[in-house]
């Protein structure tokens with residue numbers, strides 16, 4: 021699996037990370053995880069992803085802080101899709117100038133479609 | 066006036082030609098008459114030097130009409146816009162004040178010259194001087210009571226008053242008495258003689274259709290009553306001339322009193338404005354605080370909704386996700402991958418537990434809001450309950466050690482499920498807010514009729530600014546740590562403990578961390594009315 025098919029999932033909830041890892045792995049993506057923004061920054065720097073799925077409310081470093089710190093890193097920057105339980109997911113996405121957003125609770129199909137928009141799926 | 070018949074007098078008054086007084090006073094006035102006659106006998110007019118002198122004192126001559134009928138006419142025309150009553154009042158007050166001042170000054174000068182101290186003797190030169198100076202003749206009625214106190218009262222006529230004379234000579238009449246200078250001068254002289262504030266009012270005036278120019282004089286507090294008593298009865302007058310005469314009681318320098326009143330009312334007004342302003346400022350401040358409080362409450366509520374949405378939707382996301390993932394595996398492969406299935410079931414179990422806790426909290430909140438959270442108290446062994454809570458917490462905490470200390474058994478009458486909920490909340494908080502692990506101690510003790518349960522951790526502690534509000538609904542002291550929860554746990558625990566008639570207090574151990582102390586009565590609380 022090449023770096024172009026690498027997705028980074030940043031979420032403090034273990035179960036959501038587990039689900040996203042299993043779901044995307046089945047579709048041929050390489051999935052990296054981080055429980056907060058701080059760990060995500062290190063991971064993204066070490067193994068640049070093609071897409072970042074970002075939760076907003078997290079301990080240690082939240083989505084807002086991560087987005088600005090990540091964009092301060094030297095390019096290239098992967099697109100960011102916000103995963104949020106907020107009532108207004110679009111507003112959070114706009115706040116950090118994210119490329120897409122997915123409101124929780126999302127289903128498998130929505131997740132697959134979102135990722136496929138930014139990262140080409142593996143040949144079946 | 067020189068041709069007028071001398072008013073009748075007693076024996077001693079035979080030589081008394083310039084004034085008429087009660088018999089008892091005649092000798093005094095006779096002496097005054099001699100003195101004043103001598104005084105006026107020394108008169109020099111020196112028009113080349115514009116000077117008139119009487120016994121060395123300089124005098125001036127005034128044309129009588131200019132100070133009465135013509136003066137009134139002038140003021141009337143000046144004050145046309147204010148109406149005739151106001152114009153008359155202004156003219157009268159001016160003339161009264163001037164004459165009163167002259168009367169006082171003349172009296173003082175004469176008392177010094179004559180070197181007299183007795184009040185009546187001091188008074189005596191006044192009417193005589195009055196006659197010699199051409200103002201009027203004075204006829205003092207025996208009804209008078211010239212005592213140097215509040216009972217002072219004079220009633221007297223001024224035949225030949227220069228004032229009414231100027232009106233009559235022109236064939237004019239006035240609606241109100243015109244002899245205000247006479248009243249002012251005589252009251253000024255008497256005031257100075259008796260050392261007592263006095264005013265005089267003309268109750269009947271030749272120029273206003275009366276039979277005399279008659280005056281009453283009294284201290285200001287008594288003058289109105291005197292005027293009323295001595296006004297000529299309307300019934301005694303006949304024909305079309307019988308119209309009511311307006312008698313205004315003069316007041317020396319009324320202007321000053323009015324200025325003072327104006328000043329006082331100004332000050333009152335300013336004080337009222339100040340008070341009103343202060344009141345408005347207070348009201349404003351209250352409103353401002355209320356608005357700020359409401360705004361804060363709204364912010365707290367908004368924050369709660371956002372936190373609650375996050376807390377509820379996060380478990381739902383993994384429930385839906387894992388379910389769909391396993392379903393897809395069954396659909397595509399005929400059976401689920403065992404590893405995925407295991408992970409999914411564990412996640413589903415954990416998330417449903419979490420969701421049911423959140424739902425319970427929300428239900429508790431709505432019960433509390435409606436006052437419908439009812440306790441079901443029964444005899445409970447608290448130590449066993451504490452151990453059970455500690456074991457359950459320990460099971461899912463790997464980096465923390467949860468311990469329980471206290472007597473073998475502690476009995477209390479409590480709602481055991483609710484107390485378990487409180488202790489679970491406190492122990493879970495202790496674990497949650499000790500992110501680096503460490504000991505969590507549950508210590509139970511008995512004090513008199515109370516049971517004390519302290520839950521102590523060595524975690525983050527609660528910073529000073531949050532301590533006041535830690536039991537508030539929706540409040541999260543460590544919101545920035547995003548450790549989850551809706552900010553309801555401590556609020557609900559606090560309410561449950563209070564429903565038991567106990568208390569939940571926050572303490573700050575010296576070595577850091579946090580201690581929550583539950584104190585409960587051993588006996589069941591009085592049951593609230595259902």
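Protein chains in written order, with the numbering used here: chain A, 21 to 144; chain B, 66 to 595.
By construction, the Cβ of each residue, glycine as well, lies at the ideal position given by its N, Cα and C atoms.
Report task. Find the residues of chain B that neighbour residue 125 of chain A, judging by a C-beta separation of less than 7 Å, and give them in chain order. Result -> Here the question's residue 125 of chain A lines up with position 105 in the first chain. Those are 378, 381, 382 and 385, listed as they occur along chain B.
Query - For residue 246 of chain B: DSSP bridge partner residues - result: If you number the second chain from 1, residue 246 of chain B lands on position 181. Its beta-bridge partners do not exist; DSSP assigns none.
Query raised in the report: Touch check for the segment 57–76 of chain A and the segment 85–105 of chain A: three-plus C-beta pairs under 8 Å?
Result: yes
Query raised in the report: Is DSSP giving residue 527 of chain B helix, strand or coil here?
Result: By one-based count along the second chain, residue 527 of chain B stands at place 462. In this structure, residue 527 of chain B counts as coil in the three-state DSSP scheme.
Query raised in the report: Which residues does DSSP pair with residue 85 of chain B in a beta bridge?
Result: For the purposes of this step, residue 85 of chain B is taken as the residue at position 20 of the second chain. Answer is B:204, bridged to residue 85 of chain B.
Query - Simplified DSSP state of residue 389 of chain B, which is helix, strand or coil - result: Taking the first residue of the second chain as 1, we reach residue 389 of chain B at position 324. Residue state, collapsed to three classes: helix.
Query raised in the report: Over what stretch of residues does the beta strand (DSSP E) that includes residue 478 of chain B continue unbroken?
Result: Translated into the one-based positions of the second chain, residue 478 of chain B becomes position 413. Element bounds for residue 478 of chain B: 476–479.
Requested in this report: Measure the Cβ-Cβ separation of residue 281 of chain B and residue 220 of chain B and say whether it is below 8 Å.
Outcome: Counting from one through the second chain, the residue named residue 281 of chain B turns up at place 216. Counting from one through the second chain, the residue named residue 220 of chain B turns up at place 155. In contact: residue 281 of chain B and residue 220 of chain B (Cβ atoms closer than 8 Å).
Query raised in the report: Closest to residue 541 of chain B by CA distance: which of B:372, B:158, B:110 and B:130 is it?
Result: Walking along the second chain from the start, residue 541 of chain B turns up at place 476. Answer by Cα proximity: B:372.
Requested in this report: Entirely within the segment 460–526 of chain B and at least 4 residues each: give me those alpha helix (DSSP H) ranges in chain order.
Outcome: 481–497
Query raised in the report: Which same chain residues, not among the five before or five after residue 300 of chain B, have their C-beta less than 6 Å away from its C-beta?
Result: Numbered from 1 along the second chain, position 235 holds the residue referred to as residue 300 of chain B. With a pLDDT of only 35 at residue 300 of chain B, under 50, the local geometry of the prediction cannot be trusted, and the value read off the model is given with reservation. Once the five neighbours on either side are set aside, residue 300 of chain B has no close Cβ partner at all.
Query raised in the report: Using a Cβ cut-off of 7 Å, which residues of the segment 24–37 of chain A contact any Cβ in chain B, in chain order?
Result: 32, 33, 35 and 36
Query raised in the report: When burial is assigned at 16 or more other CB atoms within 10 Å of the CB, is residue 588 of chain B buried or exposed?
Result: The residue given as residue 588 of chain B occupies position 523 in the second chain. Classification of residue 588 of chain B: exposed, given that the 10 Å Cβ count is below 16.
Query raised in the report: Alpha carbon to alpha carbon, how far is residue 276 of chain B from residue 222 of chain B?
Result: As a working mapping, residue 276 of chain B is identified with position 211 in the second chain. As a working mapping, residue 222 of chain B is identified with position 157 in the second chain. Their backbone Cα atoms lie some 10 Å apart in a straight line.
Query - Proximal chain B residues relative to residue 52 of chain A, where beta-carbon distance stays under 9 Å - result: For the purposes of this step, residue 52 of chain A is taken as residue 32 along the first chain, with counting starting at 1. Simply none; closest approach about 18 Å.
Query raised in the report: Taking only beta-carbon atoms, is residue 499 of chain B less than 8 Å away from chain A?
Result: As a first step, residue 499 of chain B must be located in the second chain, where it is residue number 434. No, residue 499 of chain B does not count as interfacial toward chain A.
Query raised in the report: How would you list, in chain order, the residues of chain B whose beta-carbon sits under 8 Å from the beta-carbon of residue 107 of chain A?
Result: Translated into the one-based positions of the first chain, residue 107 of chain A becomes position 87. Here the neighbours are 370, 371 and 374.
Report task. Since I believe residue 505 of chain B is in contact with residue 518 of chain B (beta carbons under 8 Å), could you give me their beta-carbon distance rounded to a whole number of angstroms? Result -> Residue numbering aside, residue 518 of chain B sits at position 453 when the second chain is read from its first letter. Residue numbering aside, residue 505 of chain B sits at position 440 when the second chain is read from its first letter. Not quite, the Cβ-Cβ distance comes to about 13 Å (not below 8 Å), so this is no contact.
Query raised in the report: Given 8 Å as the limit, is there contact between the segment 466–473 of chain B and the segment 439–452 of chain B, that is, 3 or more CB pairs closer than that?
Result: yes
**Report entry** Any C-beta of chain A under 8 Å from that of residue 415 of chain B
**Finding:** Residue numbering aside, residue 415 of chain B sits at position 350 when the second chain is read from its first letter. Yes, contact with chain A.
Query - In DSSP terms, what residue 586 of chain B is bridged to - result: Within the second chain, numbered from 1, the residue matching residue 586 of chain B stands at position 521. BP columns for residue 586 of chain B point to B:515.
Query raised in the report: Between residue 160 of chain B and residue 338 of chain B, what straight-line distance do the alpha-carbon atoms span, to the nearest angstrom?
Result: Stepping through the second chain from its first residue, residue 160 of chain B is reached at position 95. Stepping through the second chain from its first residue, residue 338 of chain B is reached at position 273. In a straight line, the C-alpha of residue 160 of chain B is about 38 Å away from that of residue 338 of chain B.
Query - Extent of the continuous alpha helix (DSSP H) to which residue 409 of chain B belongs - result: Locating residue 409 of chain B in the second chain gives position 344, counting from the first residue. First-last of the alpha helix (DSSP H) with residue 409 of chain B: 403–435.
Query raised in the report: Hey, is residue 595 of chain B's beta-carbon within less than 8 Å of any beta-carbon in chain A?
Result: Residue 595 of chain B sits at position 530 when you count from the first residue of the second chain. At residue 595 of chain B the pLDDT is 43, less than 50, meaning the model places this residue with poor confidence; the figure from the coordinates comes in the next sentence. Chain A, which has no Cβ nearer than 8 Å to the Cβ of residue 595 of chain B, makes this no.
Query raised in the report: Where does residue 535 of chain B fall in DSSP's three states?
Result: Counting from 1 along the second chain, the entry for residue 535 of chain B is found at position 470. Three-state DSSP puts residue 535 of chain B in coil, outside helix and strand.
Query raised in the report: How far does the alpha helix (DSSP H) with residue 123 of chain B in it reach, from first residue to last?
Result: As a working mapping, residue 123 of chain B is identified with position 58 in the second chain. Here residue 123 of chain B belongs to no alpha helix (DSSP H); instead the beta strand (DSSP E) covers 122–124.
Requested in this report: Take the Cβ of residue 85 of chain B as the centre, count every other Cβ of all protein chains shown within 10 Å, and call the residue buried at 16 or more, exposed below.
Outcome: In the second chain, residue 85 of chain B corresponds to position 20, counting from 1. Residue 85 of chain B comes out buried.
Query raised in the report: Just curious, the alpha helix (DSSP H) that residue 157 of chain B is in, first and last residue?
Result: The count along the second chain starts at 1 and reaches residue 157 of chain B at position 92. Start and end: 149–179.
Query raised in the report: So does the segment 175–191 of chain B actually touch the segment 230–245 of chain B, counting three or more Cβ pairs closer than 8 Å?
Result: no
Query - CA-to-CA distance, residue 46 of chain A to residue 400 of chain B, given in whole angstroms - result: Taking the second chain and counting its residues from 1, one reaches residue 400 of chain B at position 335. Taking the first chain and counting its residues from 1, one reaches residue 46 of chain A at position 26. Straight-line Cα distance between these residues: approximately 15 Å.
Query - Short CB-CB distance (under 8 Å) between residue 138 of chain A and chain B - result: Taking the first chain and counting its residues from 1, one reaches residue 138 of chain A at position 118. Cβ-Cβ to chain B under 8 Å: no for residue 138 of chain A.
Report task. Would you list, in chain order, the members of the segment 469–489 of chain B that have their beta-carbon closer than 7 Å to a beta-carbon of chain A? Result -> none
Report task. Within its chain, find whatever has a CB closer than 8 Å to the CB of residue 488 of chain B; leave out the 5 residues flanking it on each side and keep chain order. Result -> Sequence index remark: in the second chain, residue 488 of chain B carries index 423 (1-based). Correct list, in chain order: 450, 451, 454, 507, 518, 520 and 583.
**Report entry** Contact the segment 375–384 of chain B vs the segment 331–351 of chain B: 3+ CB pairs below 8 Å
**Finding:** no
Requested in this report: State the Cα-Cα distance for the pair residue 516 of chain B and residue 579 of chain B, rounded to the nearest angstrom.
Outcome: Within the second chain, the letter at position 451 stands for residue 516 of chain B. Within the second chain, the letter at position 514 stands for residue 579 of chain B. So the two alpha carbons sit approximately 20 Å from each other.
Report task. Identify the contact partners of residue 42 of chain A in chain B, using a Cβ-Cβ distance below 9 Å as the criterion. Result -> Looking up residue 42 of chain A in the first chain gives position 22. Simply 386, 387, 390, 402, 404, 405, 408 and 409.
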